[in-house]
Every structure is written in structure tokens, then in C-alpha cells.
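Number of protein chains: 2
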Amino acid sequence: MRKINTRSFVRATRWTPREINLQILLNLVREHEPISRAELARRMKIGRGMVTYLTAELIAQGALYEGDTVDSPRGRRPQMLYVRTHDRLVVAIDIRFSSTYIMLTDFSGNSIAMETFDTIEDLSALVPELRERVRRLLAVHGASRKCEGIGLVVPGMVDAVSGQVLNAPQLGWRNVDIRSPLEEALGLPVHVENAPIACALAKMWLGRPGAPVPTDFVYVTVSDGIGAGVVVNGQVVRGQTNSAGEFGHVPLTADGPACLCGGHGCLEVYTSNLATVCRYLGKEFSPATARALLPSSGVTIAEVVSRAIAGETRAIEALQETARHLGAGLSVIIKTLSPTQIVVGGEITEVWDLLEPTILREIGARALTDMAAATPIVPELASAYPRLRGGTALVSAPLFAAPRFA
Amino acid sequence: MRKINTRSFVRATRWTPREINLQILLNLVREHEPISRAELARRMKIGRGMVTYLTAELIAQGALYEGDTVDSPRGRRPQMLYVRTHDRLVVAIDIRFSSTYIMLTDFSGNSIAMETFDTIEDLSALVPELRERVRRLLAVHGASRKCEGIGLVVPGMVDAVSGQVLNAPQLGWRNVDIRSPLEEALGLPVHVENAPIACALAKMWLGRPGAPVPTDFVYVTVSDGIGAGVVVNGQVVRGQTNSAGEFGHVPLTADGPACLCGGHGCLEVYTSNLATVCRYLGKEFSPATARALLPSSGVTIAEVVSRAIAGETRAIEALQETARHLGAGLSVIIKTLSPTQIVVGGEITEVWDLLEPTILREIGARALTDMAAATPIVPELASAYPRLRGGTALVSAPLFAAPRFA
DNA sequence: GCACGAATGTTCTGACAAAGAACAAAGTCG
DNA sequence: CGACTTTGTTCTTTGTCAGAACATTCGTGC
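First to last, the protein sequences are chains A and B. Using our numbering, read the first sequence as starting at 173 and increasing by one per residue. Using our numbering, read the second sequence as starting at 173 and increasing by one per residue.
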């Protein structure tokens, strides 16, 4: 039951049913390809004539293409339909604290090429660098295929509408308009989004074909900070000020260590990668000392994780402690939003076997109901490049989104 | 950008534009009544002919009616349209720990009659009692007007689809099907909903005409427990297990007093009315002792509130302490959902002048951004009977809800 | 080898809502 | 009283949906 916003509504015209059904059809092909017109007609409960009509338009638009006919037990052989993704390219860019990743992918997220360089915080130097690299990638691997946009993923608060980076402390960016200069330099549409939301979009839009697609879930990213992308009713929640999903700064205890946000005992000061490494090093965590100490110590979260895999007790204990607090943090999400699942991303998922029992135990101890306790917690490995996949989703997903009416 | 759920979608037919536009039109009349056909045509950017056509159908359905013509500076006098609400009745029922409230209202929430009786937990006794009272109310005040349904508000977890009360600890109900026996006894459709969600629905659907209607907000109820109704994109969030919005059991500190939920330091143990009264009495709060102690002490939250209004220091201090913790709790909501506003309901709103500065100070101290710190916190007085208004909204709102497509 | 059935895909036609023009109604103003 | 303005209704045109009819292409049985 949704309320109609009478200050900004979309009236239906005589083309509205067409728009709606075209989009449903496109999504059905997406999730069931290869699929025949007759099968689509059955699934949509419309006549085959209508499907011919609708697919003709989608083929003309270049959204679908016809494949070969396939065998069938009797009758005319059906002609299979596919979504055109392999020759539509996206450049996904993931800007992180130390490194920036660029990946050339097709519309369904398949990687074509990838490169890395040290992050440049200065915008006037970053934009030319990106321009050169993107142009080279497209020249070498693009061939005749067309690039339809850039998906830029940033660790911080973003206004997706204006493309402004509102606040990205790791990069020292505040109210930086990165979209306009990039669009100008490359002549391509640029979509900017914050990392946890981008990861959530990738999960929702680029899942493996056939796999059930979640429409109510939370994607929690564990890196230098803790962020979350919240999806309700198949829609991302941005909140009034693009600051929804800041579960990292929910306090677990009122008198815990100070956090950069000004609070005390935030989830982040217990479970961020910085906190975990500090714990491993046996140092008291504080945001200031962490940033000073860690680079000099040379120990990274990846190092702690691999030592835990190798069986080092101190590393395992440090990660277990992180898992305990993470379980407490996830149970806050479960209580407040009751999602159908929570996806966890970040380096620590490499030792998920180690963390999972602890996390589930903490959640179970705090859950209000049995069903809440059973909320699936799903790890996503960093090796799947969820943020870059998110960058791809930024460009490709709008093509498949439901049209808005009423 | 919403994802289409390909397992349960609604295909558009040739009547779809009609359904959409009828609903937009109905909502425009609702929020701007009295309004003429020509004005509707301008707002919807369609021809006046189309408006005549659409309104004719709504009038035939009994959703709208024509009023008198009114003066206009020049030209033909416009004929005003109204939503038919005054002769469509709803019985709203609010079952609470000690008392049950029944109110007969019209479709826009105007009270016609109200009565109260001691809550009966036993379903086999409650249903006949409600049947008699509802029948009498309708016989006395109903006249020729038709009652279109019952809106039942319950303090606990509810599956709105099946009408089952999953868990209402204050009433001792667990998996109780109250809808079926009531529908059978009264021959009217019965809608069951939990209190905070019902309050949120009332806020969204029964706001004063002309007032801006929020579509992204959280309604926090402060009573024997703390509950919240979360509204995102004009839709209530129920979560996977109908347990979304349990902000009352978010821990503020890990080693606080024990809570009935099994956790420690939950928001609820600091800010519920039970906690406030215990604090006023100078007793250590614990859920078990509170329920035993309070009835015998004879002190209620209403008493504490009125003593605070009278200027009693101890009462003021007890409430200030509640406000401090409530501010901390609300800041969790702001961080995680970033709503455009938070509505607070409950007895303590009677002394809002006293509490507001404290709450805002706590929120300001914890906010991540200036805009988040400025999130409006709006009190709703108990004297407006928000829960009963919610009961009305349960029945009347579906008439105005946006049709679902794609 | 050829009719027949079964399934897929295309084309055609009727029905019906949207869009907009033309028209009727009902007022004001000079 | 007529010109003008605004509201509301009616009528015509247009274009899509829906379903029937038709074409296509395969396997199967005689």
C-alpha cells in the first residue's frame, strides 16, 4: 500500500501499458534467457501476438537480440531471445584510500580488462589520468563495441542525483563535483555512488542468472569504516540527506573508545579493519593513532587474515573479537529492518569459516524471534570485486528499472 | 530506480492508465477539496473532457460527490468535487494493556462516538463484548450511514496479511487469529495492525488537508515499550518477519540493565514509561520488578507527567533522564534511515517543552552532519488518539493507495 | 511421401480508452 | 445586449490491446 505523492506524480498516458509491459518483458528475458516468445506469452499471460509486437520494439531499440532456434519435442522450433549485453561496455572505477581500480566490463558485469594505480586525491590531476586510462582501455579492448557510461564508486557520502561527493574523509573530499569534469573529459555519462550502495545495487541487479534475487536486504561493507546499503521493496534507501545506512556509527556501548564521528563505542571502532589490525598489534584503538601507526607497522588487514588462515592464534583471536562485535552490529540491523538477508563484504570474509559461527552465535543471543535469529548472513568475497560490479550496475541497471507511475 | 520482481509482477492491461489516473484524481481531490474539474485538468495536465469522464466513474462508484457551484471572478461557475467521507464509517479499536478504546469515526478520521472498557485478554469473551459494543454504536450513531470496516490496533507483532497477532506480550497473545472470529461476528472486514505502524499510517493518510504529507519518516511510540513504524517511499516497512522497527531493543550500552528481550541496555529499559516511573520512584529498573511494583505503587506515567508540569523537581529530573536516552535512541534512527522527520507519540509528549531541548541536544551531539542534526522531531499528543486514527486509516487508506504495476 | 497434429510466430481486425477539437453552458463586464 | 471568459460536455480521431485467424515448421503415423 503506497501513498501517491500529489506534488510529484506521473500520470498514465495511452503508452503507459506499453512501457510497463516492455519493461516486464525485458526483465523476464534477463532472468530466463534464453527464452522464446511463446514462453514469454505464457509467463506474462498475454497473447503471442502481443509478444511479437513488444519484442520487435525491444530488438529495434537494441535491448534484445534473436539467437538460434532450438530443438523442441514437437511443433515449430522456438527462436530464443537474449538481452544484448556482450557488446555494450561499461567502465567501472573504484576509488579507494590507497589504490584506484578501473575495470572494463560488459553490461552483465563480465570483466574484460582491469588495471590499478595509486589513488590521486587531487581532482585536477585525477581527471586527466582517468581520461587517458579509460581511452586506452576502450581503444585496446573496445573494438567495435560501444561504451555506454562510467560507474564511479567512492568511499563516502554521495548525492547520486547531482553527482556530487558530499564527504569522503578517506580522500579528503568535501562537496566535490567529480561528475561534470569527468563527463566533459570523456564525453560519456558518469554515475557516482557511494560504495555500500553500489555493492547493494550489484547484488540486486547483477546476481547470477536463475539465482533468486533479493529485494529486501542490507549490504554491509567492512573496510576502513563500516557502511551499509539498505534495500527495501527493491529500492535503495538514501534518506533525506544521502546519509542513510550509517550503521557504522551506531553505538554498541555508550562509554567505548572515541570515534572520528565524535561519538563513543561506535560499531566501527570495534569492527573496522583498522580496529582489527590494532587489536592484532595489541594496541589500544583510537582513530588518530590508528592512521599514524598502521602504515608504519606495515601490517594490513590482508596480512592479519592470511596469518589467521595459517593458524596464528593472535590473528584468529583478533578476528574473533571483531566477529563478536560485528554480530552485535548486525543484530541491530535485524531488529530495525528485519531484512530477508544481510550480505557482508570486505577482506575479513576470506576467513568466513572462522567468523561465521561467532557472528551467528551473537545474533542468536540477541534475536527477538527464532525467525529473526535465522536471518541468513551471506559473505561476499573481495575477489569478486563487488564495488566494481556495483560500478557496472550503476550504468546498466537503469535500463531494467521499473517505470514509475502514480 | 526499482527492480521488477519477475516472480510476482502485475502486467499492464488496456485499463491500466485508467486505474492509475482515477487514483491520482481521487488523491488530488482528497488533498485539495473542494476542487473543480477544470483545476484538476490543469493539475493533471489532461483535457477537461477526460476529467469529466473519470469523475463520472468515481461519482458512480460513490468515491466522490458533487457539491455546489462557487463564485469565480469571470466565466462559468465551477462545480466543486468532494471525497465522500462523512457517511462512510469505520470502527477503530485500540486494545491496550489495561483499557480498550472503541471509536466510531468517518472515513477522514472525524470522531463520532467513543467508549472504553477494561481490556479482556480472553478471546472468547472479548469477541462477544466487541460485537455488542460495535453493534450498539452503529445502531445509535450509524443512522443510515454505512460502516465499511473495523480497524483493530494491537500492541505487538502482527501479520497484516493473515490478520494474525504473532506476539503481544502485554496481552499474553501468541499466534492468535483475532480477525476471523471478529469478521464472522460482525460481518465486516477487519484489519489488524500493530500500534506504531498504525500510528504511522494515520500520520501519512489522515494528515490535516493542505498540510505537507511526509513519505519518509519514522513514528516512534513511547509507552510500556518503545516501538517504531518506519515509512520509506510512502510505504510501511514490515520486514521479513513483521518485526521491523524494533528500535526499542537496540542496545544503547552493552552492560546496561537486563531487558525482557534477553538483551542488556536496550533503549526500552531507559525510556519506556515503566522505566520513567521506576526512575521517579527511585527504584532500580528491571522488567520483572517494574510490573510487580508499579500497579501497587499507584503511580502512573500520567501522574509523573502532571507532577512535572506542576514543577516537581523529582518528576522533571526523571523525565529529563528519559529524554536524554530517547535522544540517543532517535539518533540511531537518524543515522540508519535518515528520515525527513521523526514523530514521537506517547504520554510524555504532554511535557514536550521540557523534553525537546534535551532530546535535540543529544541528537545534535551525535549527528554525523548538520542536516542530520536538524532532522525535525515532532511530538504527537496522546489526546489526538493517534492509535485510533491509525485504526481508521487501516480501513480508509486502501481506497486511496497507489495501484501496483510492474 | 504425405497428411495430420502440435507447437511457435505473424498478421489482421474489432473494441475501447486517450487526446483533443468543437460545442454548450453560465457567468462578468462594458 | 453582445463580446469575452471560464467551465463542463460531447464527439471524432487515433493508436494500442486483445484475441482470432493464419502461416510456419517441426515430428509422427500410415
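Backbone N, C-alpha and C fix where the C-beta goes; we use that ideal spot for every residue, glycine too.
Local Cβ density within 10 Å of residue i, reported as buried at 16 or more and exposed below that
i	result
residue 187 of chain B	exposed
residue 525 of chain A	exposed
residue 233 of chain A	exposed
residue 497 of chain A	buried
residue 184 of chain B	buried
residue 217 of chain A	exposed
residue 270 of chain A	exposed
residue 316 of chain A	exposed
residue 312 of chain A	exposed
residue 287 of chain A	exposed
residue 242 of chain A	exposed
residue 556 of chain A	exposed
residue 485 of chain A	exposed
residue 483 of chain B	exposed
Nearest candidate by alpha-carbon position, reference residue i, set the options
i	options	result
residue 389 of chain B	B:396, B:395, B:369 and B:397	B:369
residue 222 of chain A	A:559, A:197, A:326 and A:271	A:197
residue 343 of chain A	A:266, A:355 and A:402	A:266
residue 542 of chain A	A:550, A:421 and A:532	A:532
residue 539 of chain B	B:567, B:574, B:276 and B:501	B:501
residue 305 of chain A	A:282, A:330, A:272 and A:436	A:272
residue 310 of chain A	A:562, A:360 and A:294	A:360
residue 128 of chain B	B:445, B:303 and B:382	Residue 128 of chain B is absent from the structure shown; chain B starts at 173 and stops at 578.
residue 398 of chain A	A:417, A:411 and A:482	A:417
residue 553 of chain A	A:392, A:278, A:529 and A:313	A:392
residue 547 of chain B	A:536, A:365, A:345 and A:411	A:411
residue 264 of chain A	A:303, A:325 and A:245	A:325
residue 340 of chain A	A:442, A:322, A:366 and A:494	A:366
residue 431 of chain A	A:447, A:459 and A:422	A:459
residue 348 of chain B	B:280, B:294, B:519 and B:262	B:294
residue 226 of chain A	A:211, A:190 and A:258	A:190
residue 176 of chain A	B:201, B:549 and B:314	B:201
Short CB-CB distance (under 7 Å) between residue i and chain B
i	result
residue 357 of chain A	no
residue 189 of chain A	yes
residue 435 of chain A	yes
residue 455 of chain A	no
residue 504 of chain A	yes
residue 544 of chain A	yes
residue 183 of chain A	yes
residue 175 of chain A	yes
residue 521 of chain A	no
residue 366 of chain A	no
Interface flag, residue i vs chain A, CB-CB below 7 Å
i	result
residue 479 of chain B	no
residue 207 of chain B	no
residue 581 of chain B	What is shown of chain B runs 173 to 578, which leaves residue 581 of chain B out entirely.
residue 574 of chain B	yes
residue 501 of chain B	no
residue 224 of chain B	no
residue 415 of chain B	yes
residue 397 of chain B	no
residue 552 of chain B	no
residue 425 of chain B	yes
residue 392 of chain B	no
residue 411 of chain B	yes
residue 324 of chain B	no
residue 193 of chain B	yes
residue 196 of chain B	yes
Kindly confirm or deny that the segment 200 to 211 of chain B and the segment 248 to 258 of chain B touch, where touching means at least three C-beta pairs closer than 8 Å. The segment 200 to 211 of chain B makes contact with the segment 248 to 258 of chain B: 3 or more CB pairs, one atom from each, lie closer than 8 Å.
Three CB pairs or more closer than 8 Å across the segment 495 to 515 of chain A and the segment 465 to 480 of chain A: They do not touch, by the three-pair rule.
Quick check on the DSSP output: what are the complete alpha helix (DSSP H) runs of length 4 or more inside the segment 242 to 321 of chain A, in order along the chain? Within the segment 242 to 321 of chain A, the complete alpha helix (DSSP H) runs of at least 4 residues are 295 to 313.
Counting only runs of 3+ residues fully inside the segment 500 to 568 of chain A, write out the beta strand (DSSP E) ranges in chain order. Whole beta strand (DSSP E) segments, 3+ residues: 513 to 518 and 549 to 552.
Please give me, in chain order, every unbroken run of the beta strand (DSSP E) with length at least 3 that falls completely inside the segment 410 to 450 of chain B. Listed in chain order, nothing qualifies, since the segment 410 to 450 of chain B has no complete beta strand (DSSP E) run of 3 or more residues.
Can you confirm whether the segment 403 to 417 of chain B touches the segment 421 to 435 of chain A when touching is taken to mean that 3 or more C-beta pairs between the two stretches lie within less than 8 Å? They do not touch, by the three-pair rule.
Evaluate the contact criterion for the segment 550 to 565 of chain B versus the segment 362 to 381 of chain B: three or more CB pairs, one atom per stretch, below 8 Å. In short, these stretches touch, since the Cβ pair count reaches three.
Threshold first: 3 residues or longer. Then list the beta strand (DSSP E) segments lying entirely within the segment 374 to 412 of chain A, N to C. 389 to 394 and 398 to 404, all fully within the segment 374 to 412 of chain A.
Mind listing, in chain order, the continuous beta strand (DSSP E) runs of no fewer than 3 residues lying wholly within the segment 330 to 376 of chain A? Entirely contained in the segment 330 to 376 of chain A, the beta strand (DSSP E) runs reaching 3 residues are, in chain order, 336 to 340, 345 to 349 and 362 to 366.
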